[in-house]
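Visitor: Here the working numbering is used: the first residue of the first sequence is 22, the next is one more, and so on.
Each residue gets a CB set at the ideal place from its N, CA and C atoms; glycine is no exception.
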Amino acid sequence: MKINLYNSNTKSKELFVPIDSKKVAMYVCGPTVYSFPHIGNARGPVIFDVLARLLRREYKLTYVRNITDLEDKIYQAADEEGVDISEITERYTKIYQDDMNALGVKKPDIEPLATEHIGEMIEMIQGLIDKGHAYQNQDHVFFNIDTFSDYGFLSNRTEEEQISGARIKSSEIKKNQRDFVLWKPSTGDIPGWESPWGYGRPGWHLECSAMAKKYLGKTLDIHGGGSDLLFPHHENECAQSMCSHSGKPLANYWVHNGMIDFDNVKMSKSEGNLLLIRDLLQEIRPEVIRMAFLTTHYRKPINWNDALIIDSEKKLDRLYGSIRKLGHISPGEPSGGVINALADDINTPKALSELFAIVKKINNAKSDEESKQLASILIGSANLLGLMNESAETWFDDLNIDVDEALIERLLNEREEARSNKDFGRADQIRQEIESLGVSIEDGPNGPVLMKN
RNA sequence: GGCAAGGUGGCAGAGUGGUUAUGCAGCGGCCUGCAAAGCCGUUGACACGGGUUCGAUUCCCGUCCUUGCCUCCA
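#1: So, are the CB atoms of SER392 and LEU458 less than 8 Å apart?
#2: Let me know the secondary structure DSSP gives GLY446 once reduced to three states.
#3: What residue does the alpha helix (DSSP H) around ASP119 start on, and which one ends it?
#4: If you check the beta carbons only, do ASP171 and ASN197 fall under 8 Å apart?
#5: Since LYS222 is in the alpha helix (DSSP H), which residue starts that stretch and which ends it?
#6: Which complete beta strand (DSSP E) runs does the stretch 235–284 hold, if anything under 3 residues is left out?
#7: From GLU228 to LEU271, what distance separates their C-alpha atoms?
#8: Express the C-alpha separation of GLY153 and TRP218 in angstroms, rounding to a whole number.
#9: Considering only residues of the same chain and omitting the five flanking positions on each side of MET47, which have a CB-CB separation below 6 Å?
#10: Looking only at C-alpha atoms, which of TYR319, GLU92, ASN410 sits nearest to SER29?
#11: Three-state secondary structure (DSSP) at ARG188?
#12: Keeping to the same chain, check which residues put their C-beta closer than 8 Å to that of LYS382; ignore five residues upstream and five downstream.
#13: Taking contact to mean 3 or more Cβ pairs, one atom from each stretch, closer than 8 Å, check whether the stretch 370–388 and the stretch 39–56 are in contact.
#14: Is it the case that the Cβ atoms of CYS50 and LEU175 are separated by a distance below 8 Å?
#15: Name the two residues that bound the continuous alpha helix (DSSP H) containing GLU132.
#16: Alpha carbon to alpha carbon, how far is GLU111 from ALA231?
#17: On the three-state DSSP scale, how would you describe SER56?
#18: From which residue to which residue does the beta strand (DSSP E) around LEU203 run?
#19: Less than 8 Å between C-beta atoms, sequence neighbours within five positions excluded: which residues of the same chain meet that for GLN97?
#20: Can LEU297 and PHE57 be called in contact, C-beta distance under 8 Å?
#21: Just confirm the distance between the C-beta atoms of PHE283 and ARG345, as a whole number of angstroms; I'd bet it's less than 8 Å.
#22: Locate the alpha helix (DSSP H) running through LYS393, then write down its first and last residues.
#23: Quick one: Cα of ARG199 to Cα of PRO212, how far?
#24: Closest to LYS128 by C-alpha separation, out of ALA135, ASP119, THR136, would be which residue?
#25: Taking the alpha carbon of THR240 as the reference point, which residue from GLY401, GLU256, TYR274 has its own alpha carbon closest?
#26: Need the endpoints of the beta strand (DSSP E) that VAL45 sits in, please.
#27: Are PRO370 and THR316 touching if we call contact CB-CB under 8 Å?
#28: Tell me, please, which residues DSSP counts as bridged to ARG86.
#29: What's the call for ILE194, buried or exposed, on a 16-neighbour Cβ count within 10 Å?
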């Protein structure tokens, strides 16, 4: 299997060749745990989950996704609620993990906490100071950008561009206004650790560099994250890591997922248009959300709206519909078409079209035997995308609405009686009544089947 | 202003230098008491203007428009 990935660094699709032909090291920037994750927070995890599933077919993958439990917004949240910082971080870490699990995102191999790696960070800062890439000033330590001539290579920004575009106020304690903080002092209730530069805490970008190095080595095969992290977060990670590791690249392949828009406006805290996963799951089944993500190629924006949800649900209806009458089917080997689509820069829309091609074959199959064989391939293929995790029975039975089952049962019996008496006017009347309750009826060879409207 | 992505049929959304995406919706059949589901067939597209080419939706240039990043953000 040859995998091609779009590398943000070179802005082109490249053949993926890991450093070790048997192993792959992948690091993805995880959440800052200070509030409920929103739908945008889930896109990356779902995409990288698909990539991980694909990679595991071929390689021994070590997938690391960090938890940032060390950040000023967390302290602010704790302060506002009047609770301990750990209460905030533990609560939202749990919620994040639960939400991801609901969406069928498998756990990464390692989920390190920033607060458990302060030692590694201090060590990295010291190394940078020793090499002349960082300097201390007024209890702060800054990365000295002027010592890294490649600064800006990842996000493709020249120095002039960074300065002309920047609205950062020039700081008196920095040598260059683009220098970023590696260590800063902590006062009051803000947590801190003892360090050679006084009591304080690390700057934002450092944790990823330190943890990536610890668990995966100096150069990663794949580094992933949202496209909005490209600058400055990943640029700064690169600077720190490369200067710490005598110029070795931090990652060979940079993979960035696109954002989710809401009415064509980016969903973000500052826009105040956050859609929480938790709230969404009240109304929508998790697999529908996952399908909605996979409908669009990962690098493009997704516009989130009701039509997308309805569409996604119907796609799943078609997938599950094809295996509905076949009983229990075990997942088989995924189809080559699906694997190839995913291997081509995670082309999930193409992979879905391959799934529907199998559905068509199942529906056209001449025998049950043939259908079942194809269904096994379908499920195995869909599983690679993290779809079709339940049985068709569960999918269609899960009406997910409040219904008076006894009432429907009674109406159903009444209708069957009318039908057997060829009183079709009455039968249709009852069907309408049932449909007004949110349930539709399908008459099949084995009697009527209920479906959600 | 700089950097980057994109404008595909009614909607969503892949892809391609020359013939089919796919899903939903529509239309005509089959099936059904009627429907639904399923099947068969079918309408319908590549922002605009140039250029390269035997031929461009696909490559190049320009125009218009949309979006993201440049500041915490997935």
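Guide: With the structure as the only source:
#1: Sequence index remark: in the first sequence, residue 392 carries index 371 (1-based). Sequence index remark: in the first sequence, residue 458 carries index 437 (1-based). Pairing SER392 with LEU458 gives a Cβ-Cβ distance that is not under 8 Å.
#2: For the purposes of this step, residue 446 is taken as the residue at position 425 of the first sequence. If DSSP states are grouped into helix, strand and coil, GLY446 belongs with the helices.
#3: As a working note, residue 119 is residue 98 in the first sequence. For ASP119, the enclosing alpha helix (DSSP H) has its first and last residue at 106–123.
#4: Start at 1 with the first residue of the first sequence, and residue 171 comes out as number 150. Start at 1 with the first residue of the first sequence, and residue 197 comes out as number 176. Contact: no.
#5: Within the first sequence, the letter at position 201 stands for residue 222. The sequence shown places Arg at residue 222, not Lys. It is not in any alpha helix (DSSP H) - ARG222 instead sits in the beta strand (DSSP E) that spans 221–223.
#6: Taking 3 residues as the shortest admissible run, the stretch 235–284 contains the following complete beta strand (DSSP E) segments, listed from N- to C-terminal end: 241–247, 272–278, 281–283.
#7: Counting from one through the first sequence, the residue named residue 228 turns up at place 207. Counting from one through the first sequence, the residue named residue 271 turns up at place 250. For GLU228 and LEU271, the distance between alpha carbons rounds to 13 Å.
#8: For the purposes of this step, residue 218 is identified with residue 197 of the first sequence, where counting begins at 1. For the purposes of this step, residue 153 is identified with residue 132 of the first sequence, where counting begins at 1. If I take the Cα positions, the gap works out to 16 Å.
#9: Locating residue 47 in the first sequence gives position 26, where the first residue counts as 1. For MET47, where only same-chain residues beyond five positions count, the Cβ hits under 6 Å are TYR84, ILE243.
#10: If you number the first sequence from 1, residue 29 lands on position 8. A check of alpha carbon separations from SER29 across TYR319, GLU92, ASN410 identifies TYR319 as the nearest.
#11: Residue 188 sits at position 167 when you count from the first residue of the first sequence. Bear in mind that a pLDDT of 39 at ARG188, under 50, signals an unreliable position, so the number given afterwards is only what the model happens to contain. Coil.
#12: Here residue 382 refers to the residue found at position 361 of the first sequence. By the criterion of a C-beta distance shorter than 8 Å, LYS382 is surrounded in its chain by LEU395, once the five residues flanking it on both sides are discounted.
#13: No, the stretch 370–388 does not touch the stretch 39–56.
#14: Numbered from 1 along the first sequence, position 29 holds the residue referred to as residue 50. Numbered from 1 along the first sequence, position 154 holds the residue referred to as residue 175. LEU175 sits away from CYS50, with the two beta carbons spaced by 8 Å or more.
#15: Counting from one through the first sequence, the residue named residue 132 turns up at place 111. Premise fails: GLU132 is in no alpha helix (DSSP H) and is neither H nor E.
#16: By 1-based counting over the first sequence, the position of residue 111 is 90. By 1-based counting over the first sequence, the position of residue 231 is 210. Taking the CA atoms as reference points, GLU111 sits about 22 Å from ALA231.
#17: Numbered from its first residue, the first sequence carries residue 56 at position 35. Here SER56 sits in coil by DSSP.
#18: As a working mapping, residue 203 is identified with position 182 in the first sequence. Taken as a continuous stretch (DSSP letters only), the beta strand (DSSP E) holding LEU203 covers 201–206.
#19: Start at 1 with the first residue of the first sequence, and residue 97 comes out as number 76. Cβ-Cβ distances below 8 Å link GLN97 to TYR55 in the same chain, with the five nearest sequence neighbours on each side left out; the list follows chain order.
#20: Taking the first sequence and counting its residues from 1, one reaches residue 297 at position 276. Taking the first sequence and counting its residues from 1, one reaches residue 57 at position 36. LEU297 places its beta carbon less than 8 Å from that of PHE57.
#21: Here residue 283 corresponds to residue number 262 of the first sequence, with the count starting at 1. Here residue 345 corresponds to residue number 324 of the first sequence, with the count starting at 1. That belief does not hold up - the Cβ atoms of PHE283 and ARG345 are roughly 34 Å apart, past 8 Å.
#22: In the first sequence, counting from the first residue as 1, residue 393 sits at position 372. In the DSSP annotation of this structure, the continuous segment of the alpha helix (DSSP H) that includes LYS393 starts and ends at 389–405.
#23: The residue given as residue 199 occupies position 178 in the first sequence. The residue given as residue 212 occupies position 191 in the first sequence. In a straight line, the C-alpha of ARG199 is about 26 Å away from that of PRO212.
#24: Position 107 of the first sequence, counted from the first residue, corresponds to residue 128. The closest CA to that of LYS128, considering only ALA135, ASP119, THR136, is found on ASP119.
#25: Taking the first sequence and counting its residues from 1, the one referred to as residue 240 is at position 219. Ranked by Cα distance from THR240, the options GLY401, GLU256, TYR274 are led by TYR274.
#26: By 1-based counting over the first sequence, the position of residue 45 is 24. DSSP places VAL45 inside the beta strand (DSSP E), whose first and last residues are 44–49.
#27: Taking the first residue of the first sequence as position 1, residue 370 is located at position 349. Taking the first residue of the first sequence as position 1, residue 316 is located at position 295. Yes, the pair counts as a contact, with Cβ atoms nearer than the cut-off.
#28: Reading the first sequence from its first residue, position 65 is the one you call residue 86. The partner list for ARG86 (beta bridge, DSSP) reads VAL49.
#29: On the first sequence, position 173 is the one that residue 194 refers to. Counting Cβ neighbours within 10 Å, ILE194 comes out exposed, since fewer than 16 surround it.
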